[in-house]
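Below is one structure, written out as structure tokens; the observations come after it.
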Amino acid sequence: MTMTTAELIEQVRKTPAAEWLAVVLGVVYIILIMRRQRWGWAAGGCSSLILMVLAARSHLPMQAMLQFSYVVAAVYGWWKWAPDAAGQHIGHWHWKGHALAWCATLVVSLLLARLLKQEGYSAWPLIDSLVACLGLLATWLVAKVYLENWLYWMLIDALSLYLFSAQGRVVTSLLFAIYFVISTVGLVSWWRTWRAGAVLP
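The sequence shown stops at residue 208 when you use the working numbering, and every number in between is there.
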């Protein structure tokens, strides 16, 4: 059912402060990470912690687990990106790696979706599982500084936008819409740097 403008405004008005905070911190995170600034991990960790709670309350257990993994990744990222860390070259993952990763992701997602459906834990078992598995893969691609990570994030953001909008989380949905736009900018920025053979600042 399509949401009217009045209903949309009412949903935004009722959005708790914690959800707004997650949105702001999430935007700060992705902008700082795109610029390779260490404080981005702190902002991202806090945002993911809030989103983890929201996902659990929205009956999206795989999303909650994924957000928890992002909190752990934020701690690792903060440690890894020391103030004196040197720039890293942007890499390009071979198509065979992507093919194998996709096969593994689909198989694991289907198995998890079947389990979630049987137990009745998830409102959207297949998409929930797929987004969670793709998120872990994309996080690994970021850690390896592979250019293609942005393509994965664009897909994840689009699916997450649908998931949370279906649950009535208007502001969180807006966050993933913003993520999608910024991920597109990140792809273009990293692609230009990759083509130039430069390192990330």
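Quick reminder that beta carbons are idealized off the backbone N, C-alpha and C, glycines included.
Using a beta-carbon distance below 8 Å, is residue i in contact with chain C?
i: Arg-45; result: The structure shown contains no chain C; it is built from a single protein chain.
So, residue i versus residue j, is the Cβ gap smaller than 8 Å?
i: Ile-40; j: Gly-47; result: yes
i: Leu-73; j: Gly-142; result: yes
i: Val-38; j: Tyr-186; result: Looking at the sequence itself, residue 38 is Ile, so the reference to Val does not match. No. Outside cutoff.
i: Leu-168; j: Ala-184; result: yes
i: Ala-111; j: Trp-85; result: no
In whole angstroms, what separates the C-alpha of residue i from that of residue j?
i: Gly-193; j: Ile-97; result: 12 Å
i: Val-78; j: Trp-102; result: 29 Å
i: Leu-113; j: Thr-191; result: 24 Å
i: Ser-55; j: Ala-62; result: 10 Å
i: Met-59; j: Lys-87; result: 23 Å
i: Val-152; j: Leu-123; result: 32 Å
i: Val-34; j: Gln-44; result: 14 Å
i: Leu-118; j: Asp-135; result: 12 Å
i: Ile-28; j: Tyr-83; result: The sequence given here places Leu at residue 28; Ile does not occur at that position. The alpha-carbon atoms of Leu-28 and Tyr-83 are separated by roughly 22 Å.
i: Gly-204; j: Val-195; result: 14 Å
i: Ala-23; j: Val-188; result: Here residue 23 turns out to be Pro, not Ala, going by the sequence shown. Distance between the alpha carbons of Pro-23 and Val-188: 24 Å.
i: Ala-150; j: Trp-160; result: 13 Å
i: Gln-125; j: Trp-147; result: 30 Å
i: Cys-53; j: Arg-199; result: 30 Å
i: Trp-197; j: Arg-20; result: 37 Å
List the whole-angstrom C-beta distance separating residue i from residue j, where the pair is believed to meet the contact cut-off of C-beta under 8 Å.
i: Leu-133; j: Ala-120; result: 4 Å
i: Val-138; j: Gln-70; result: 7 Å
i: Trp-201; j: His-66; result: Trp-201 to His-66, Cβ: 40 Å. No contact.
i: Trp-131; j: Leu-170; result: 6 Å
i: Ala-25; j: Gly-51; result: With 8 Å as the limit, Ala-25 and Gly-51 do not qualify as a contact, their Cβ atoms being about 16 Å apart.
The ligand MN and residue i: does any heavy atom of the ligand fall closer than 7 Å to the residue's C-beta?
i: Val-82; result: You won't find the ligand MN in this model; it holds no ligand whatsoever.
Exercise for the section: Only counting runs of 4 or more residues, tell me where the alpha helix (DSSP H) segments fall wholly within the segment 130-168, in order along the chain. Expected result: 132-150
(request) Say whether the segment 150-158 touches the segment 168-176, bearing in mind that this needs 3 or more beta-carbon pairs closer than 8 Å, one atom from each stretch. (result) no
* Is the segment 107-121 close to the segment 179-193, with three or more CB pairs under 8 Å? -> no
*asked:* Going residue by residue through the segment 35-59, where are the continuous alpha helix (DSSP H) segments of at least 4 residues, counting only ones entirely within it?
replied: none
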